[in-house]
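Heads up, the sequence shown is in full-length UniProt numbering, so the first residue is 1 and it goes up one at a time.
For every residue, glycine included, the Cβ atom is placed at its ideal position computed from N, Cα and C.
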Amino acid sequence: MMGVLNHLSTLLLLSLLPPAFSRVVNRFDPECTEFFLWGTTPNLPGILVGGTVRDQNRYKPICQLFKYMKKKVVYNTYMFATLYDTTNRIPVFSAYTFTGVGSSGKRPDKWMIEPQLDGGVDPVMILEKQGVIYTHQAVNQDYDIDGKNKKVNKGHMFSKSFAHQPVNQDSTFTLTNSVPQVTSFNEGSWAKMELKVKKNILKQCLDNNVIKAYVVTGAVPSKSNTLNNRVNIPDIMWTAYCCYNSEKKEWMAEAHWGENKEETNKKVLDPHPLSDLYDMLKQYYPGGDVQVFPKKCLGGSSQKEREKSREREVGMLVGKG
1 MMGVLNHLST LLLLSLLPPA FSRVVNRFDP ECTEFFLWGT TPNLPGILVG GTVRDQNRYK
61 PICQLFKYMK KKVVYNTYMF ATLYDTTNRI PVFSAYTFTG VGSSGKRPDK WMIEPQLDGG
121 VDPVMILEKQ GVIYTHQAVN QDYDIDGKNK KVNKGHMFSK SFAHQPVNQD STFTLTNSVP
181 QVTSFNEGSW AKMELKVKKN ILKQCLDNNV IKAYVVTGAV PSKSNTLNNR VNIPDIMWTA
241 YCCYNSEKKE WMAEAHWGEN KEETNKKVLD PHPLSDLYDM LKQYYPGGDV QVFPKKCLGG
301 SSQKEREKSR EREVGMLVGK G
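As structure tokens, then:
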């Protein structure tokens, strides 16, 4: 009888724990499944395998919850999902859905943080609080102190320009959704690539005239390059999308990546099939299969796009010769 009472007491205690503890756990919560195609999370050996985080003290799945007011009513809404590296203090990736382009809202003055990562009980992203020490994530001061010297800025994983409504755009301004990105790269080839990808999605990703694409954007950390001796400055940034085109009755997918370094000349981040992205990422995540989307997405960029990419590469080689 005593054992039964102890068991019931344990269940009662668990039921009284703050709901925030269910947000940063060893797997993405059900609230996040809508941001992954068929609820299938990426597979990165050593980090996230079969939907389960391997080093649960270091990597934290976050269902990005945003609080806002509309017509005097307060809403708490899940906007996207992030796998966060608390050692490097940057995201491994952010996953989100592209559902169209809306009017562009005003950029927020300050970036938010994720209180759960440093002992907070509220699962909603908030502004930093004075007197609180944030040891497991980047803060605005990291960029203020060293950002100008390093010539980097806050680079979005979930891009503001990919968010449909102003409220969704505001939710992207959390430091758990950003990495130190070299300014010339961010405003150069990366920005041009995002613009082209956005146009491709609007054209290709129509399922019965409804725009929808699943997008995952990530960063490969450097070995020792840091901002303010705290925040890793990644070596590579990558992004990929997958969607279904009901008119062509096929899955469309495309991937891009580039080195996070100073750009002095105009560069182009060519489109690649997902298989190429996976091969690239295997160099940094060895020991198993890398997968960002389910296998149906492996079709990759079109043959025409691959031919253009190849012509551009040949032209560059001829120019060097």
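- Annotated three-state conformation of C242 is strand, per DSSP.
- Between E114 and I47, the C-beta spacing is not below 8 Å.
- For the region 159 to 219, the full-length alpha helix (DSSP H) segments reaching 4 residues or more read 166 to 171, 183 to 186 and 189 to 204 along the chain.
- Cβ contact annotation for N186 (same chain, cutoff 7 Å, sequence separation greater than five): N153 and G155, in chain order.
- Within the region 83 to 107, complete alpha helix (DSSP H) segments of at least 4 residues are not found at all.
- Your pair S222 and N232 checks out as a contact, with CB atoms roughly 6 Å apart and the cut at 8 Å.
- Collapsing the DSSP output to three states places Q64 in a strand.
- The C-alpha of D85 is placed about 37 Å away from the C-alpha of S246.
- Look at G155 here: in three-state DSSP terms it is strand.
- Following the DSSP letters along the chain, one finds M280 inside the alpha helix (DSSP H) bounded by residues L274 to K282.
- Distance from N168 to M280 at the Cβ level is roughly 29 Å; contact not present, criterion being Cβ atoms closer than 8 Å.
- The shortest CA-to-CA distance from D270 to any of T264, T87, A240 and V182 is the one to A240.
- Fewer than three Cβ pairs drawn from the region 174 to 182 and the region 206 to 214 lie within less than 8 Å of each other, which leaves the two stretches out of contact.
- The beta carbon of T52 sits closer than 8 Å to the beta carbons of N26 and R27 from its chain, once the five residues preceding and following it are set aside; these are given in chain order.
- The bridge partners DSSP lists for T40 come to none.
- By the neighbour-count definition (other C-beta atoms within 10 Å, threshold 16), E250 is an exposed residue.
- Nearest to Q116 by alpha-carbon distance, out of N76, I126, N225 and K160, is I126.
- In the three-state DSSP reduction, T52 falls in the strand class (E or B).
- Under DSSP, Q291 takes part in a beta bridge, and its partners are N43.
- Excluding its 5 nearest sequence neighbours in each direction, T174 has C-beta neighbours in its own chain below 6 Å: M112 and M125, listed in chain order.
- The C-beta distance from C297 to L274 rounds to 6 Å, short enough to meet the 8 Å contact threshold.
- By the neighbour-count criterion, in which 16 or more other beta carbons inside 10 Å mark a residue as buried, S189 falls on the buried side.
- When DSSP states are grouped into helix, strand and coil, N229 belongs to the coil group.
- Within the same chain, Cβ atoms closer than 7 Å to the Cβ of L83 are found at L48, Y59, P61, P91, V92 and F93, the five residues on either side in sequence being excluded.
- Taking 8 Å as the cut-off, the beta carbon of H256 is found no closer than this to the beta carbon of M157.
- Burial state of Q165 is exposed, judged by a 10 Å Cβ sphere holding fewer than 16 other Cβ atoms.
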